[in-house]
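S.K.: Heads up: the sequence shown runs through residues 0 to 233, numbered per numbering that gives the first Met the number 0. One structure is given below, represented as structure tokens, and several questions about it will come after.
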Amino acid sequence: MTKPDILLYTANTMNGWKPLIFLHEGGIDYDMTPIDFSKKEQKAPDYVKLNPNGRIPTIVDRGNDDFAVFESGAILWYLAEKYRMFLSDDPKLRSETLQWLMFQMGGVGPMMGQAMYFQRIAKPNGDDAPYAIDRYVKESRRLLEVLDTRLEGRDWLVGDAYSIADMATYPWARSYFWATVSVEGLDNLNAWFGRIDARPKTQAALQLPEPRPSAFGQGDVDAAAAANAARFKD
């Protein structure tokens, strides 16, 4: 039996969900290998050969001589070009898509990631850094305001269709609860959340490799937060 072209190594994180969203929305068959952080599988020598940074996600394209791609934004761009989906052929729209993809990769992800780290990992493990928390929460809010302005009068970040820019940004921005960033008053952003919340294939992707409702303020958040902090204690 022929194997799918794409082998995905991932976990249930904001970056880890990005390729899953693309693959599900595109109806693309794939194989998945979940990465267990508690076992430090992302640091295993064989994995680091694929992803020198020892992070997730990573894909291997069996249909392209086992070509490996790491970094979630680069993976989305690679998949979009390979399957000619969720990326316009128009040069200007392609550039805009890349700009907003880089905005997420260089801004929304790192800033919200640090807000999450200092509150959800460092603080419960005894390293409280109020200045850092305040700095990253405020900067995250500013970036969400940029998104809100961009979404005024439009349904999607680029053009008139759901694209890899939306796929990259949504898991991070939608996890505002986990970063304790307010989205009050950001009506355009919240409407965009609603449109993507209503996409069954995207929501199915967020259940893999296993659900993480706490990221969105659902379920037993306190228990999930304690488990998360303990997992990264060392």
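Just so it is clear, CB atoms sit at the ideal spot from N, CA and C, and this is done for glycine as well.
Would you kindly report the start and end of the unbroken alpha helix (DSSP H) that includes Pro51?
M.R.: Unbroken run through Pro51: none, as it is neither H nor E.
S.K.: Using 10 angstroms around the beta-carbon of Gly72, count the other beta-carbons present and answer buried if the total reaches 16, otherwise exposed.
M.R.: buried
S.K.: Hey, would you say Ala228 sits closer than 9 Å to Arg153, going by beta carbons?
M.R.: Result no, Cβ atoms of Ala228 and Arg153 do not sit closer than 9 Å.
S.K.: Which residue marks the beginning of the beta strand (DSSP E) containing Ala67, and which one marks its end?
M.R.: Phe66 to Phe69
S.K.: Let's test the definition: count the other Cβ atoms within 10 Å of the Cβ of Asp147 and tell me whether it reaches 16, buried, or not, exposed.
M.R.: Burial of Asp147 is indicated by the presence of at least 16 other C-beta atoms within 10 angstroms of its C-beta.
S.K.: Could you tell me which of Leu92, Asp60 and Gly53 sits nearest to Asp159, measuring between CA atoms?
M.R.: Leu92
S.K.: By DSSP, does Val136 sit in helix, in strand, or in coil?
M.R.: Helix at Val136.
S.K.: Do Met101 and Trp177 have their C-beta atoms closer together than 9 Å?
M.R.: no
S.K.: Strictly by DSSP, which residues pair up with Val59?
M.R.: Leu6 and Ala67
S.K.: Among the candidates Trp16, Asp28, Ala10 and Asp45, whose CA atom is the shortest distance from the CA of Asp35?
M.R.: Ala10
S.K.: According to the Cβ coordinates, are Lys17 and Leu75 closer than 9 Å?
M.R.: yes
S.K.: For Ala270 and Val182, I'd like the C-alpha separation in whole angstroms.
M.R.: No answer is possible for residue 270: it lies beyond the span of the chain, which begins at 0 and ends at 233.
S.K.: Quick one: which unbroken alpha helix (DSSP H) runs of 4-plus residues sit fully inside the stretch 185-216? Chain order, please.
M.R.: 186-196 and 199-204
S.K.: Mind checking which residues open and close the alpha helix (DSSP H) that includes Tyr116?
M.R.: Gly108 to Tyr116
S.K.: First and last residue of the alpha helix (DSSP H) that includes Tyr169?
M.R.: Ile163 to Ala172
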